[in-house]
Amino acid sequence: SAVISQKPSRDICQRGTSLTIQCQVDSQVTMMFWYRQQPGQSLTLIATANQGSEATYESGFVIDKFPISRPNLTFSTLTVSNMSPEDSSIYLCSTLGGGAWETQYFGPGTRLLVL
Amino acid sequence: AQSVAQPEDQVNVAEGNPLTVKCTYSVSGNPYLFWYVQYPNRGLQFLLKYITGDNLVKGSYGFEAEFNKSQTSFHLKKPSALVSDSALYFCAVRDGAGNNRKLIWGLGTSLAVNP
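In order, the protein sequence lines correspond to chains A and B. Using this note's numbering, the first residue of the first sequence is number 61, and each one after it goes up by one. Using this note's numbering, the first residue of the second sequence is number 1389, and each one after it goes up by one.
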């Protein structure tokens, strides 16, 4: 299985600022996903990021608010822009591929609190 | 439309007793089914999956699940629960017939194993 790390693990930010979350994978993977999760609740997919193409956003999420980069097959970033308290959540990076057929693996998450 | 239902928000079992966490699904094609576990303040860990083949799937930490096509179910089971199994469990599904790799997630079931 892929080993996935995320930075930062947690942060407290002021409203109106932006935070970039990094996701690093120890192997090359085809697809990367960014999710949002409120503690104790289910996952909401923000976008799917394939290397070399624009990210595909789910309904309710837009590129201006959540720009994503995918410069290579082992790395991606998600930026939460112009933050408000409603953006306080856990942000999870997930990968598909790298030999783990059809199985998504997850990073440890980034806990974000916006004041 | 694809969907996943986890009918129980919470399941309580005594340590040493068998446990079952229920999941039913709806997809138009062949289902790819997954179980994940999330321990407090941790990311999601993959437990097991059904793609094809034997209906009884064995996974990590002694868990297993049985794919039942007629009942459209994929219940998670373990013969003897441990206190350390207490966590949040998610069932997920995708339609294996399509190219869309997105997973549809259940709302999660909180498992509490009492000593």
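Cβ coordinates follow ideal geometry from the N, Cα and C atoms, glycine included. In this text, all values refer to a predicted model and were calculated from it rather than measured experimentally.
Report yes if the CB atom of A/Q84 is closer than 9 Å to the CB atom of A/S69, and no otherwise.
Taking 9 Å as the Cβ cut-off, A/Q84 and A/S69 do not qualify as a contacting pair.
Looking at chain A, which residues of the region 1428–1442 of chain B have a Cβ within less than 7 Å of any of its Cβ atoms?
Those residues of the region 1428–1442 of chain B that come within reach of chain A (Cβ to Cβ, closer than 7 Å) are R1430, G1431, L1432, F1434, K1437 and I1439.
Thinking B/Q1398 and B/A1475 are a contact (beta carbons under 8 Å), I'd like their distance in whole angstroms, please.
That pair is no contact at about 12 Å.
Between B/L1499 and chain A, is the shortest Cβ-Cβ distance under 9 Å, so that the two count as touching?
It does not; no Cβ of chain A falls within 9 Å.
Flag A/L133 as yes if its beta-carbon sits less than 9 Å from any beta-carbon of chain B, otherwise no.
No - not a single Cβ of chain B is within 9 Å of the one on A/L133.
Just mark B/K1446 as buried or exposed, buried being the case when its beta carbon has 16 or more other beta carbons within 10 Å.
Exposed, by the Cβ-count rule.
Under a three-way DSSP split, which group does B/E1452 fall into?
Correct three-state label for B/E1452: strand.
Anything in the region 1469–1487 of chain B with a Cβ closer than 9 Å to a Cβ of chain A? List those residues in chain order, please.
Flagged, chain order: L1476, F1478, A1480, R1482 and G1484.
Exposed or buried, what is B/Y1438 when buried is set at 16 or more other beta-carbons lying within 10 Å of its beta-carbon?
Buried: at least 16 other Cβ atoms inside 10 Å.
Could you tell me the distance, in whole angstroms, from the CA atom of A/Y117 to the CA atom of B/E1403?
Answer to the nearest angstrom: the Cα atoms are 43 Å apart.
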